[in-house]
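>
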Amino acid sequence: MMDYGKYGKSRRFSRKVENFTCKVCKTKVTGTGYTDHCPNCLWGRHVDVNPGDRKSECKGLMRPVSTEYTRRGFVIVYVCEKCHERKRIGAAADDNNDLLFSLIGR
31 MMDYGKYGKS RRFSRKVENF TCKVCKTKVT GTGYTDHCPN CLWGRHVDVN
81 PGDRKSECKG LMRPVSTEYT RRGFVIVYVC EKCHERKRIG AAADDNNDLL
131 FSLIGR
């Protein structure tokens, strides 16, 4: 079940292709329009209010704290290091599988 927070299920996704360098491990990441975290270390940034809108004022680092395996695949649970908001984000096909498995159930 996705965590829609205070915005309800009507949030709209904005697709925006952006390349970036990971602030944690310095990996150069090629964006796909759905990329919201580093596939190497799984860390992200708290940049969205609604998926893809890049309107969050926080901009804190999102630490991957655990993963869950659902019928749709892995879901990564994040906590923002700055504002402490928790988010659940679907893993991408190119994410680090060893790290995804190591975070299950934490």
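Under my numbering, read the sequence shown as residues 31 to 136, first letter to last. Cβ atoms here follow ideal geometry from the backbone N, Cα and C, with glycine treated the same way.
(1) Given a cut-off of 8 Å on the beta-carbon distance, is the pair Lys112 and Cys88 in contact?
(2) Going by CA-CA distance only, name the one from Gly61, Ala121, Gly63, His67 that's closest to Cys55.
(3) My output table needs one value for Ser96: the three-state DSSP class, helix, strand or coil.
(4) I'd like the list of long-range same chain contacts for Val79, defined as Cβ closer than 6 Å, with 5 residues on each side in sequence excluded.
(5) Considering only DSSP beta bridges, list what Tyr108 is partnered with.
(6) Please name the residue in Thr97, Gly63, Asn70 whose C-alpha comes closest to that of Pro81.
(7) Would you kindly work out how many angstroms separate the C-alpha atoms of Arg75 and Arg136, rounded to a whole number?
(8) Using a Cβ-Cβ cutoff of less than 6 Å, which residues in the same chain neighbour Lys58 once the five nearest sequence positions on both sides are dropped?
(9) Return the chain-ordered list of same chain residues with a C-beta closer than 8 Å to the C-beta of Ser90, the five sequence neighbours on each side being excluded.
(10) What residues in its chain sit with their C-beta under 6 Å from that of Asp124, if we drop five residues either side in the sequence?
The answer reads as follows:
(1) The count along the sequence shown starts at 1 and reaches residue 112 at position 82. The count along the sequence shown starts at 1 and reaches residue 88 at position 58. Yes.
(2) Here residue 55 refers to the residue found at position 25 when the sequence shown is read from its first residue. In this structure, His67 is the residue among Gly61, Ala121, Gly63, His67 with its C-alpha nearest to the C-alpha of Cys55.
(3) As a working mapping, residue 96 is identified with position 66 in the sequence shown. Of the three classes helix, strand and coil, the one that applies to Ser96 here is strand, per DSSP.
(4) Locating residue 79 in the sequence shown gives position 49, where the first residue counts as 1. Contacts found: Lys85, Ser86.
(5) Stepping through the sequence shown from its first residue, residue 108 is reached at position 78. Answer is Pro94, Lys117.
(6) For the purposes of this step, residue 81 is taken as the residue at position 51 of the sequence shown. Of the candidates Thr97, Gly63, Asn70, the one whose C-alpha sits nearest the C-alpha of Pro81 is Gly63.
(7) As a first step, residue 75 must be located in the sequence shown, where it is residue number 45. As a first step, residue 136 must be located in the sequence shown, where it is residue number 106. Straight-line measurement puts the Cα of Arg136 at about 20 Å from the Cα of Arg75.
(8) Walking along the sequence shown from the start, residue 58 turns up at place 28. Counting only Cβ-Cβ distances below 6 Å, and skipping sequence neighbours, we find Thr51.
(9) Translated into positions along the sequence shown, residue 90 becomes position 60. Looking at the sequence shown, residue 90 is not Ser but Gly. Sequence-distant Cβ neighbours of Gly90 in its own chain, meaning closer than 8 Å and more than five residues away, are Arg75, His76, Cys110, Glu111, Lys112, Cys113.
(10) Here residue 124 corresponds to residue number 94 of the sequence shown, with the count starting at 1. In chain order, Pro69 place their CB closer than 6 Å to the CB of Asp124, counting only its own chain and leaving out the 5 sequence neighbours on each side.
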